[in-house]
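Undergrad: Before we start, here is the structure in question, set down as structure tokens.
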Amino acid sequence: MGASLEESIKQLSIDLKQEQELALKSLLESKDLLAILPTGFGKSWIYEAYASIKNAQVVLVVTPLTSIIKDQIAHLNRSGIPSAKLSVLQHEDLNACKFKILFSSAEKALTNEFTSLAEGQLKSNP
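Under UniProt numbering, think of the first position of the sequence shown as 1, with each following residue one higher.
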């Protein structure tokens with residue numbers, strides 16, 4: 001990864017809470033993560049920081065809250081982080097992979113169409 005976690009966070013100019021930092025560290029160490037944190041705690045900083053630090057091709061955020069998805073997409077796009085809701089994208093949009101962060105419900109992320117496409121992307125972009 002190059003820079004340490006602390007150096008990478010300093011470059012983002014954000015102050016993370018202990019739980020956020022632990023979650024981010026887990027992601028950066030390629031560990032699976034389920035972050036169950038209170039409303040308003042700043043869960044979005046975790047995936048935003050991860051996308052920035054790791055320069056990941058795509059980050060998939062699974063959430064059932066449609067209103068939050070709309071707000072997050074608007075915020076991220078204003079901040080220069082291309083984001084979209086998986087359910088409104090066409091197959092060509094997903095193939096082109098123009099987005100840094102994709103939001104989805106669990107139901108949509110588990111469809112055969114999406115999982116087949118994601119597996120194809122992983123094979124072609126290890």
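From the three backbone atoms N, C-alpha and C, an ideal C-beta is built for every residue, glycine too.
#1: With three or more C-beta pairs closer than 8 Å as the rule, is the segment 99–107 touching the segment 46–62?
#2: Check the C-beta distance from A23 over to V62 and give it rounded, since I have them as a contact under 8 Å.
#3: Please classify L28: does DSSP put it in a helix, a strand, or coil?
#4: Residues in its own chain within less than 7 Å of S26 by CB, not counting five upstream and five downstream?
#5: For A84, which residues from the same chain have a beta carbon less than 7 Å from its beta carbon, with the 5 sequence-adjacent residues on both sides left out?
#6: Taking its Cβ as the centre, do 16 or more other Cβ atoms sit within 10 Å of S67, making it buried, or is it exposed?
#7: DSSP puts residue 129 in a beta bridge; with which residues?
#8: Classify K43 as buried or exposed, calling it buried when 16 or more other Cβ atoms lie within 10 Å of its own Cβ.
#9: So the alpha helix (DSSP H) L76 belongs to, where does it begin and stop?
#10: Between A84 and the ligand FAD, is there a pair consisting of the residue's CB and a ligand heavy atom that are separated by less than 7 Å?
TA: Let me lay it out:
#1: yes
#2: In fact, because the Cβ distance is near 15 Å, the residues do not count as touching under 8 Å.
#3: helix
#4: L33
#5: I73, F99, L102
#6: exposed
#7: The chain is shown only over 1 to 126; residue 129 falls outside these bounds and no answer can be derived.
#8: buried
#9: 66–78
#10: Questions concerning the ligand FAD fall outside what the structure shown contains, since it holds no ligand whatsoever.
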